[in-house]
Amino acid sequence: MIGTLVFVLAFLAIGLSVVLAAMRSGRPPAGSRPETRGTRRAWGLGIALVVLVVGVGVPLLILVSNGEDHAKQGAGGVDLNASQTTGRQLFAEKCATCHTLAGSNAVGRVGPNLDTLNGGDLKPAFVLDAIEHGRARGAGQMPAGLLYGADAKDVANYVATVAGR
Ligand code: HEC
């Protein structure tokens with residue numbers, strides 16, 4: 000939304016500066032004082048600045064803010080903390096191939112759907128236990144120790160937060 004607005008404003012600014020530049024380049028009306036070299040320089044500099052800010056700064060700003068937004072956005076507009084953001088990345092690498100989880104756009108079908116498992120109410124300890132020990136209760140194989148330590152905790156934390164949303 001804001002990105003679109005900024006873009007529209009940016010193009011308006013470019014358009015305006017071009018129009019102004021075009022108007023200025025016409026012959027000055029008879030009798031008026033010719034522009035000094037100084038004012039012409041100032042105009043050129045000003046326009047160059049506008050073009051630079053709009054052409055480079057604005058796209059950069061949008062890129063940066065977009066990237067952050069997407070990384071931190073869980074499902075259903077949940078904001079993720081640093082641990083959960085790491086967990087989200089690790090989930091994509093280690094778990095998404097086998098599990099469905101809307102928060103990660105994961106659609107794996109080897110293991111249970113984590114959004115509907117236990118009604119979507121998963122506790123971090125439960126997920127952590129599955130990661131540590133693996134599962135083989137007849138519904139397929141999940142290897143033990145896919146992740147360890149802080150990584151395992153981050154993923155458990157993340158899954159518990161977004162599952163069922
Ligand atoms: C190779 C496929 C595969 C991968 C990779 C995988 N899982 Fe699983 N997962 C399974 C299967 C299959 C089951 C069900 C096994 C059973 O119950 O027999 C399962 C079960 C689970 C369960 C439910 C445990 C229970 O007691 O009901 C959770 C939670 C889970 N996985 C989380 C994860 C997380 C988190 C990751 C990433 C670290 C992951 N899985 C990676 C296949 C996988």
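Counted from 1, the sequence shown has number 26 at position 27 by numbering that gives the first Met the number 0; the numbering is strictly sequential. A virtual CB, placed ideally from N, CA and C, is assigned to each residue, including glycine. Only a predicted model underlies this, so the values are computations on that prediction, with no experimental measurement involved.
In the same chain as A91, and ignoring 5 residues on each side of it, the C-beta atoms closer than 7 Å to its own belong to S103, in chain order. A residue is called buried once 16 or more other Cβ atoms fall within 10 Å of its Cβ, and A81, having fewer, is exposed. Three or more beta-carbon pairs drawn from the stretch 144 to 155 and the stretch 122 to 131 are found closer than 8 Å, and the two stretches are therefore classed as touching.
Pairing G163 with G119 gives a Cβ-Cβ distance under 8 Å. Between A9 and V50, the C-beta spacing is not below 8 Å. The Cβ neighbour count for N156, taken over all protein chains shown within 10 Å, is at least 16; the residue is labelled buried. Selection G137, F6, T160 evaluated against P58 yields F6 as nearest (Cα-Cα). Checking the 7 Å criterion, the Cβ of K122 is out of range of every heavy atom belonging to ligand 1. Within 7 Å of the C-beta of G137 there is at least one heavy atom belonging to ligand 1. Partner residues in the beta bridge of A105, as assigned by DSSP, are L100. Exposed is the label assigned to M22, since fewer than 16 other Cβ atoms lie within 10 Å of its Cβ.
For L48, the enclosing alpha helix (DSSP H) stretches over residues 36 to 51.
T99 is a Cβ neighbour of L113, given a cutoff of 8 Å. Only buried fits R87, as 16 or more other CB atoms lie within 10 angstroms of its CB.
Per DSSP, D128 is one residue of the alpha helix (DSSP H) stretching across 123 to 132. Of all alpha-carbon atoms in V18, V17, W42, V161, the one lying nearest the alpha-carbon of A101 is that of V161.
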